[in-house]
Amino acid sequence: MRDTFVHKGRRKHLVDYLRDRLGIKDEDVLKAIGTVPRHLFMESIFEGYAYEDRAFPIAAKQTISHPSTVAEQTELLEVRQGDKVLEVGTGSGYQSAILVSMGAEVYTMERQRDLYNFSYKKLQELFLKPKFHYYGDGFLGLPDKAPFDRIIVTCGAEELPTELLKQLKIGGKMVIPLGKREEQILYRFTKRNDKEIEKESFGKYRFVPMVHNRE
Ligand code: SAH
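If you're matching positions, the sequence shown starts at 3 in my numbering and goes up one per residue.
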């Protein structure tokens with residue numbers, strides 16, 4: 003598959019939709035979504051729908067998130083050029099590509115071997131390589147690489163992974179869906195200091211579950 007003018011045109015429509023209908027304001031997020039070829043992260047049978055606001059199955063019974071979810075989560079993360087960002091749940095690699103294209107220093111983790119292999123190869127091919135691409139359990143984070151400016155979790159956790167909060171810098175932010183398997187609430191945690199953590203909530207979502215251990 004290639005990235006043609008048809009795909010570029012569809013991406014532009016998607017960006018207009020995210021800005022005008024969903025109210026996404028962060029121009030850096032919109033620019034990244036307008037740049038990264040989402041169709042190349044999915045199976046070719048879905049190519050014609052890649053720029054609709056839909057989630058699609060990827061390997062290992064996982065999904066590539068809706069573009070609106072990627073846009074909203076990334077906007078909430080308030081990513082700036084050079085930020086050191088930990089992503090839990092690499093999946094297809096699309097969200098990682100968005101973060102890399104925004105100039106973040108990305109550390110990404112995936113527990114499924116097939117998805118780790120797929121995303122590693124894909125991001126390399128597209129010259130959107132994260133700084134560190136790791137096959138491992140995101141509940142543990144990356145203590146050796148911590149602390150991070152930002153942490154984004156793209157799977158739904160039933161309980162708050164406290165290890166991740168520890169790996170956040172003072173002033174750092176973590177965006178994470180929390181709740182039962184069927185439905186989660188998206189939260190943003192901001193670490194004010196070692197004792198004080200601000201918690202904000204941003205409505206209902208449905209993510210694939212965050213699961214312990216590698217597979
Ligand atoms: N950001 C991805 C979304 C993929 S879905 C994208 O843009 O395509 C979420 C991913 O989280 C799945 O691939 C799933 O395998 C992974 N995941 C679930 N629990 C995890 C854990 N404990 N550690 C790392 N990855 C996990």
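C-beta atoms are modelled at their ideal positions from N, C-alpha and C, and glycine is treated no differently.
Check                                                                                               : Outcome
Residue burial classification, D151 (beta-carbon count within 10 angstroms, cutoff 16)              : buried
Where L24 sits in the DSSP three-state scheme                                                       : coil
Reference V17, options Y109, K133, S70, G95, closest by Cα                                          : S70
Below-9 Å beta-carbon distance, D116 vs any chain D residue                                         : Any reference to chain D falls outside this structure, which holds one protein chain only.
Buried or exposed by the 16-neighbour rule on C-beta atoms within 10 Å, applied to V8               : exposed
Beta-carbon separation (whole angstroms), L170 vs P149, contact threshold 8 Å                       : 6 Å
Opening and closing residue of the alpha helix (DSSP H) in which R152 lies                          : Taken as a continuous stretch (DSSP letters only), R152 belongs to no alpha helix (DSSP H), being part of the beta strand (DSSP E) at 150-155.
Euclidean distance between Cα positions of D196 and R4                                              : 48 Å
K123 versus L24 - alpha carbon distance                                                             : 32 Å
Minimum C-alpha distance to L166 - residue among E184, E185, K182, D146                             : D146
E200 versus C157, H214, I172, T65, residue with shortest Cα-Cα distance                             : I172
Alpha-carbon spacing of D85 relative to E107, whole angstroms                                       : 6 Å
Own chain, CB closer than 7 Å to I100, minus 5 neighbours either side, in chain order               : A34, I35, V38, V72, T76
Burial state of D22 (16 or more Cβ within 10 Å)                                                     : exposed
Straight-line Cα distance separating L162 from V142                                                 : It is worth fixing the name first, because residue 142 is Leu in this sequence and not Val. Rounded to the nearest angstrom, the two C-alpha atoms are 12 Å apart.
Which residues DSSP lists as bridging K175, in chain order                                          : R152, T192
DSSP state of I60 mapped onto helix, strand, coil                                                   : coil
Expected contact under 8 Å - CB spacing of Y109 and L144 to nearest Å                               : 6 Å
Length-filtered (4 minimum) alpha helix (DSSP H) runs lying within the region 49-129                : 69-79, 96-103, 115-127
Assigned secondary structure, G36 (DSSP; H/G/I helix, E/B strand, else coil)                        : helix
Contact belief for K218 with E160 at Cβ below 8 Å, rounded distance in angstroms                    : It is not possible to answer for residue 218, since the shown part of the chain is limited to 3 through 217.
Cβ neighbours of H15 in the same chain (closer than 6 Å, five flanking residues each side left out) : none
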